[in-house]
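Remember, the numbering used here sits 108 above the position in the sequence shown when you count from 1.
These notes concern the structure reproduced below.
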Amino acid sequence: MIIKLLIVFIMLFTIFWIVNMALYIRSKNHSNKALEKIILKFPFNLFLKPYKQGWTILTFKTSKPLEQFNTINLPHKSTINLADKDCSGLADPFLFKEDSNYYLFFEYEYHKYLKKGADIAYATSKNGIDWVYQKKILQEPFHQSYPYVFKKDENFYMLPESYQSNQVRLYKAKNFPENWVLDTVLFEGVQFVDTIFVEVDAIYYWITTNLISNELLLFYSENLKAPWIKHPCSPLTNYVKNNRNAGPIIKYNCKLYRVAQDGTKGYGSGINLYQILEISKTNYVERAIKEPLFFKKSGIFKDAVHQLSILNENGTEKLVALDGANFAMNKIIIK
């Protein structure tokens with residue numbers, strides 16, 4: 109009798125452990141649709157809540173040189189609180205300053221069970237540290253994230269990731285920062301993610317990742333809305349250490365830097381820093397400055413970190429936004 113009870117206990121414990129680890133893996137993988145479907149159909153899931161993602165956004169000020177950034181012992185920092193009950197996390201921060209007002213645009217991620225993907229929302233601040241969540245400002249019938257907001261010729265634009273539409277879509281503000289309309293489809297027919305650009309000598313250089321091939325691609329165009337031309341150096345790489353952008357191009361001390369997601373230890377392993385040494389219609393050269401600049405097990409975020417946005421303030425001071433995650437220790441929560 110004791111042996112039978114022991115066998116039953118071992119079997120139940122094994123099932124519990126398997127589901128526990130499945131939920132944990134699911135929570136750490138930002139887009140694992142296959143595993144999600146398995147868990148949702150698994151009978152044991154009737155008694156369990158989907159594991160809550162802990163993605164959030166940290167802002168802080170620092171006077172350290174770019175290559176010395178870290179999240180250890182920060183004197184002036186804050187995290188953005190979750191906005192609504194349907195929100196499972198905030199990610200992909202983009203800082204923007206207009207006049208004396210600070211804006212933070214980000215991905216508003218819904219709970220998995222809602223099957224809504226993500227939309228774009230924003231928060232405001234007077235000092236860059238104390239943030240007030242405002243509202244969702246861009247909602248489409250497909251997943252949206254990575255809201256790259258910039259100003260050009262007195263107009264405000266947003267270049268969000270919208271890979272599920274098979275388009276790279278450029279939005280224009282009718283009434284900044286809350287009213288946005290589709291302005292131009294820059295590219296279509298391919299699932300591109302984490303698209304950024306830099307303007308050099310009146311030429312626009314676009315760096316993006318093909319979600320299917322995992323290649324980091326380079327294009328250029330004659331103006332903001334002109335057709336893209338594939339660069340002769342494209343693809344630049346398909347190595348998971350640097351094949352996805354981790355935020356906009358950083359202009360620092362008259363130099364250009366690209367930040368890349370490091371996926372060598374899984375999604376959200378860290379952020380690497382590269383200096384763009386040359387960019388033209390015929391050539392592209394970058395070199396590693398620090399690998400990693402941020403790593404998931406050092407500093408505030410222990411389980412994931414994957415995007416960086418910087419605003420240069422007065423003198424050497426910089427305002428920094430960084431997203432990451434600390435997943436709960438109790439991975440299974442009884443309903």
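Every residue, glycine too, gets a C-beta built ideally from N, C-alpha and C.
These numbers come from a predicted model, not from an experiment.
query: Between the region 410-427 and the region 180-193, are three or more C-beta pairs nearer than 8 angstroms?
result: No: the two stretches stay apart, fewer than three of their Cβ pairs being nearer than 8 angstroms.
query: Where does the unbroken beta strand (DSSP E) through residue 253 begin, and where does it stop?
result: For residue 253, the uninterrupted beta strand (DSSP E) segment begins and ends at 253-260.
Beta-carbon spacing of residue 304, residue 311 below 7 angstroms: Contact flag unset, no.
CA-to-CA distance, residue 126 to residue 392, given in whole angstroms: Per the coordinates, the alpha-carbon of residue 392 lies some 47 angstroms from the alpha-carbon of residue 126.
query: Going by the CB atoms, is the gap between residue 275 and residue 251 shorter than 7 angstroms?
result: By the CB criterion at 7 angstroms, residue 251 and residue 275 fall outside the cutoff.
field: Cβ neighbours of residue 320 in the same chain (closer than 7 angstroms, five flanking residues each side left out)
entry: In its chain, beyond the 5 residues on either side, 299 have a beta carbon closer than 7 angstroms to the beta carbon of residue 320.
- prompt: Are residue 294 and residue 279 closer than 7 angstroms when you measure CB to CB?
  reply: No. Outside cutoff.
With 16 other Cβ atoms within 10 Å as the buried cut-off, status of residue 297: By the neighbour-count definition (other C-beta atoms within 10 Å, threshold 16), residue 297 is an exposed residue.
- prompt: Which of helix, strand or coil does DSSP assign to residue 188?
  reply: Three-state DSSP puts residue 188 in coil, outside helix and strand.
query: Is the CB-CB distance between residue 237 and residue 198 below 7 angstroms?
result: No, the Cβ-Cβ distance between residue 237 and residue 198 is not below 7 angstroms.
field: Three CB pairs or more closer than 8 angstroms across the region 371-385 and the region 398-406
entry: Counting Cβ pairs under 8 angstroms, three or more are found: they touch.
task: Have a look at residue 337 and residue 327 and give me their C-alpha separation to the nearest angstrom.
output: Those two C-alpha atoms are separated by around 5 angstroms.
Opening and closing residue of the beta strand (DSSP E) in which residue 277 lies: In the DSSP assignment, residue 277 falls within the beta strand (DSSP E) that extends over 275-283.
query: Can we say the region 207-221 touches the region 169-178, given the rule of at least three CB pairs closer than 8 angstroms?
result: Under the 8 angstroms Cβ criterion, the region 207-221 does not count as touching the region 169-178, having fewer than three qualifying pairs.
task: Given a cut-off of 7 angstroms, decide if residue 267 and residue 256 are closer than it, judged by their beta-carbon atoms.
output: Residue 267 sits close to residue 256, with the two beta carbons spaced by under 7 angstroms.
task: Would you kindly check if the distance between the Cβ of residue 355 and the Cβ of residue 415 is under 7 angstroms?
output: Closer than 7 angstroms, so yes.
query: Going along the chain, which residues of its own chain have a beta-carbon closer than 8 angstroms to the beta-carbon of residue 240, five neighbours each way excluded?
result: The answer, listed in chain order, is 231, 232 and 233.
Nearest neighbour of residue 364, chosen from 179, 248, 277 and 418 [CA to CA]: The shortest Cα separation from residue 364 among 179, 248, 277 and 418 belongs to 418.
field: Burial state of residue 351 (16 or more Cβ within 10 Å)
entry: Counting of Cβ neighbours within 10 angstroms places residue 351 among the buried residues, the total reaching 16 or more.
- prompt: Within 10 angstroms of its Cβ, does residue 201 collect 16 or more other Cβ (buried), or is it exposed?
  reply: Label assigned to residue 201: buried.
- request: Report the rounded CA-to-CA distance for residue 366 versus residue 399, giving the unit in angstroms.
  value: The alpha-carbon separation between residue 366 and residue 399 amounts to approximately 12 angstroms.
- prompt: Between which two residues does the beta strand (DSSP E) harbouring residue 444 extend?
  reply: Shown here, the chain extends from 109 to 443; a query on residue 444 therefore has no answer.
- prompt: Pick from 288, 401, 207 and 334: whose alpha carbon is nearest that of residue 244?
  reply: Checking every option, the nearest Cα to that of residue 244 belongs to 288.
- prompt: Considering only residues of the same chain and omitting the five flanking positions on each side of residue 421, which have a CB-CB separation below 6 angstroms?
  reply: Non-local C-beta neighbours of residue 421 in its own chain, meaning closer than 6 angstroms and more than five positions away in sequence, comprise 427, ordered along the chain.
message: Taking 6 angstroms as the limit between beta carbons, can you name the residues of its chain near residue 301, skipping five residues before and five after?
response: Around residue 301: 269, 271, 317 and 319.
field: As assigned by DSSP and simplified to three states, the class of residue 109
entry: Three-state DSSP puts residue 109 in coil, outside helix and strand.
field: Own chain residues within Cβ distance below 6 angstroms of residue 224, not counting five before or after
entry: These residues qualify, in order along the chain: 218.
query: Does DSSP put residue 247 in a helix, a strand or coil?
result: Coil, per DSSP.
- request: Within the same chain, show all residues whose beta-carbon is closer than 7 angstroms to that of residue 340, passing over the 5 residues directly before and after it, in chain order.
  value: Contacts found: 390.
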